[in-house]
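**Q** Sending over a structure as structure tokens; questions will come in a sec.
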Amino acid sequence: MAKELNTREDNYSQWYNDIVIKADLAENSSVRGCMVIKPYGYAIWERMQAALDKMFKDTGHENAYFPLFIPKSFFSKEASHVEGFAKECAVVTHYRLKNDEDGKGIVVDESARLEEELIVRPTSETIIWDTYRNWIQSYRDLPLLINQWANVVRWEMRTRLFLRTTEFLWQEGHTAHATKEEAVAEAEQMLRVYTDFAEEWMAMPVLRGVKSINERFAGAVETYCIEALMQDGKALQAGTSHFLGQNFAKAFDVQFLNKENKLEYVWATSWGVSTRLMGALVMTHSDDNGLVIPPKLAPIQVVIVPIYRNEEQYHAVCDKGREIKQWLEKADIRVKLDDRDTQKPGFKFNEWEFKGVPLRIAIGPRDLEQASVEIARRDTLEKETYKVEGLVEKVRHLLDRIQKNLYQKALDFREQNTFQADTWDEFLELIEKGGFIRAHWDGTPETEQRIKEETKATIRLIPLKGKMEEGKCIYSGNPSKQRVVFARAY
RNA sequence: CGGGGCAUGGCGCAGUCCGGCUAGCGCACCUGCUUUGGGAGCAGGGGGUCGCAGGUUCGAAUCCUGCUGCCCCGACCA
């Protein structure tokens, strides 16, 4: 298994592809733009799901499931929503195939055309709000706090494994509230949840803020987001949370009777993160030796590699390996004993390193004699010999250290790549270097659009609680009250 | 949809310009022996409608025509 990996410096995007494919996270499928998520990659996603799902439940949400197909007419009910998604929808027009009359193959049966075409959901606001109409009558039915784990389809022109695929997996929360304040608070709360997840589980520092009008979700009044900085200096939107106002309630006629017995439209939010987080995870921590997974998300936290010369030694070190595995598992540590007799230790070292396993324990005949093991850290690549006594504590401690170290490294990287620009020339120079750029902007979509056209940089976010600071727009020179964050983005 | 490139065992490629006899190499795979503390060595072995359809020719992976698929770069996007 020769793992030749492009380096980040030589070819960043090839480096990313190599890791995803060679670490067995995912591969391209026979369907253009759609990926197969392989068991190892899916195991990481499952861990993300589990952590997020618990956070959603802890904040009062329940899971439900809505249909994959959405009647076309639903889509046109919210004007800006259609406009936003129309260009990337897969449409089901027929419901039957038949044998080709020329004898070869199968064709669409033209006589089986759907009366109303179905859209494969690119997001579920419309079908969900159509449903909520029947669920909500009174203020007593509110708030309605629902999440769904689902797949969605957006017909992208260019795709990249995890970062942008035609079909992707995600969760979408859809909530209904009696007041505007409550809905805004919900959107902000979920942004907080995403922030905590990114930082505590993924060890990925994020900036929080709101989107400019240009970048806002189609149909939202306000879009909140978390943005992370990748190692090539490009920003990646890692999660979004939307305050939808009464837009969908009005479009789908969802009203409730308030305590004063008056009909009111409900207030809405929606929020989501997707398998794109897998891409973010790869690009935040991995290095030129392969994938690096933070311990909290690693499907295998510790791999034990036995070293031996003959069958007798093989059995002896494997027995010790099994014993250690049991101790660690009792402490809720995820362990794999790689007792394959078909690969050499050196091969296994490289393989598990490439797959990002946080800790590797090697046990050989020498270790048996000295009651020791060799432990190697994936994040620092350091190796050290430890006594078997107290090993569980040591491992637990090291996993914790790795989790923190990965976060700190990523945070340092972001700080080192966050700049301030006060003039257009400065901005032009900095944007070429990559990273986040804090700069003044006059607040108009036109200016943002021009900056995007001239530099490919967009406003990633307007800081939520950013310091107010008088200044002049770097592009137009018009007055500005606050710096916003620019970057080139995925 | 524009601009480039590619299509040859599971994967990565050479061969194509200048047609030639049995289509080759690396990795992976199978068998055996020796190995095993950072990607093992040797020996033997299996596996190919050279993307598809026509054409030229005694003879086509190679030349001609027409298709099809994929990748990369741009416009769109989480």
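Residue numbers for the first sequence follow the numbering used here, beginning at 7 and rising by one.
Using N, Cα and C, we set each Cβ at its ideal position, and we do this for glycine too.
1) Go through its chain and collect everything with a Cβ distance to N220's Cβ below 6 angstroms, but skip five positions before and after it.
2) Does the region 199-217 come within contact of the region 463-481, defined as at least 3 CB pairs closer than 8 angstroms?
3) I need the DSSP call for E233, collapsed to helix, strand or coil.
4) Does DSSP put A8 in a helix, in a strand, or in coil?
5) Note down the Cα distance separating H403 from A337, rounded to an integer number of angstroms.
6) Mind checking who I142 pairs with in its DSSP beta bridge?
7) Pop quiz: P371 and Y314 are said to be a contact at Cβ under 8 angstroms. What is the actual Cβ separation, rounded to whole angstroms?
8) Of the choices S218, S292, G179, whose alpha-carbon is the least far from that of V199?
9) Identify whether V363 lies in helix, strand or coil by the three-state DSSP scheme.
10) A224 lies in the beta strand (DSSP E); which residues open and close that run?
11) Between which residues of its own chain and G477 is the CB-CB distance below 6 angstroms, once the five residues before and five after are set aside?
12) Could you tell me which residues DSSP puts in a beta bridge with N157?
13) If you drop the 5 nearest sequence neighbours on each side, which residues of the same chain put their C-beta closer than 6 angstroms to that of W176?
14) Secondary structure at N253, three-state DSSP: helix, strand or coil?
15) Three-state secondary structure (DSSP) at E388?
16) Mark V309 as exposed unless 16 or more other C-beta atoms lie within 10 angstroms of its C-beta, in which case mark it buried.
17) If you reduce the DSSP assignment to three classes, tell me which class D345 lands in.
18) Which residue marks the beginning of the beta strand (DSSP E) containing N34, and which one marks its end?
19) Give every residue of the same chain whose Cβ lies closer than 7 angstroms to the Cβ of L169, excluding the five residues on either side of it in the sequence, and list them in chain order.
20) Quickly, what does DSSP pair K44 with across the bridge? List them, please.
21) For H183, count neighbouring Cβ atoms within 10 angstroms of its own Cβ and tell me buried if that reaches 16, exposed if not.
22) Would you list the one or two residues that DSSP bridges to W358?
23) Out of A56, K104, E390, state which residue places its alpha-carbon closest to the alpha-carbon of S117.
24) Enumerate in chain order the residues of its own chain whose CB-to-CB distance from C479 is below 7 angstroms, with the five nearest sequence positions on each side excluded.
25) Under 7 angstroms between the Cβ atoms of T165 and G251?
26) Within 10 angstroms of the Cβ of K186, are there 16 or more other Cβ atoms? Answer buried if so, exposed if not.
27) Hey, M196 and S247 are a contact pair by Cβ (cut 8 angstroms); roughly how many whole angstroms apart?
28) Tell me the start and end of each unbroken alpha helix (DSSP H) in the region 303-341 that is at least 4 residues and wholly inside, in chain order.
29) D344 and K331: beta carbons closer than 7 angstroms?
30) Can you give me the start and stop residues for the beta strand (DSSP E) that E123 sits inside?
31) Between which two residues does the alpha helix (DSSP H) carrying A189 extend?
32) Using only the alpha-carbon positions, how far apart do Y48 and P73 sit?
33) Can you give, in chain order, each stretch of the alpha helix (DSSP H) that sits fully within the region 416-472 and has at least 4 residues?
34) According to the Cβ coordinates, are W135 and F223 closer than 7 angstroms?
35) Could you tell me the boundaries of the beta strand (DSSP E) in which S79 lies?
36) Who does D293 pair with in a DSSP beta bridge?
**A** Inspection of the coordinates gives the following:
1) For N220, where only same-chain residues beyond five positions count, the Cβ hits under 6 angstroms are P451, E454.
2) Under the three-pair Cβ rule at 8 angstroms, the region 199-217 counts as touching the region 463-481.
3) Reduced to three states, the DSSP call for E233 is strand.
4) Residue confidence is low: A8 scores 40 on pLDDT, short of 50, so the model does not pin down where it sits. No coordinate-derived value is stated.
5) Using only the alpha carbons, I get a separation of about 12 angstroms.
6) By DSSP's assignment, I142 forms no beta bridge with any residue.
7) With a contact defined as Cβ atoms closer than 8 angstroms, P371 and Y314 qualify at about 7 angstroms.
8) Taking V199 as reference, the option from S218, S292, G179 with the minimal CA-CA separation is G179.
9) Secondary structure of V363 (DSSP, three-state): coil.
10) From DSSP, A224 is part of no beta strand (DSSP E); its letter is neither H nor E.
11) H446, S486, listed in sequence order.
12) Looking at the DSSP assignment, N157 forms a beta bridge with L175.
13) Same-chain partners within the cutoff: G278, S280.
14) In this structure, N253 counts as helix in the three-state DSSP scheme.
15) Coil.
16) By the neighbour-count definition (other C-beta atoms within 10 Å, threshold 16), V309 is a buried residue.
17) Reduced to three states, the DSSP call for D345 is coil.
18) Start and end: 32-34.
19) Counting only Cβ-Cβ distances below 7 angstroms, and skipping sequence neighbours, we find R282, G285, Y496.
20) Paired residues: none, contrary to the question.
21) Answer is buried; the Cβ neighbour count reaches 16.
22) Beta-bridge partners of W358 (DSSP): none assigned.
23) Of the residues A56, K104, E390, the one whose Cα lies closest to the Cα of S117 is K104.
24) Leaving aside the five residues that flank C479 on each side, the residues in its chain whose CB is nearer than 7 angstroms to its CB run, in chain order, H446, W447, D448, T453, S486.
25) The answer is no: Cβ separation not under 7 angstroms.
26) Counting Cβ neighbours within 10 Å, K186 comes out exposed, since fewer than 16 surround it.
27) Right, their Cβ atoms sit about 4 angstroms apart.
28) Fully enclosed alpha helix (DSSP H) runs of 4 or longer: 317-336.
29) Taking 7 angstroms as the Cβ cut-off, D344 and K331 do not qualify as a contacting pair.
30) Counting along the chain, the beta strand (DSSP E) containing E123 begins and ends at 119-126.
31) Segment 186-202, the alpha helix (DSSP H) holding A189.
32) About 23 angstroms.
33) DSSP runs (the alpha helix (DSSP H)) wholly in the region 416-472: 430-439, 451-461.
34) With contacts defined by Cβ atoms closer than 7 angstroms, W135 and F223 do not form a contacting pair.
35) According to the DSSP assignment, S79 belongs to no beta strand (DSSP E) but to the alpha helix (DSSP H) extending over 78-81.
36) The bridge partners DSSP lists for D293 are G296.
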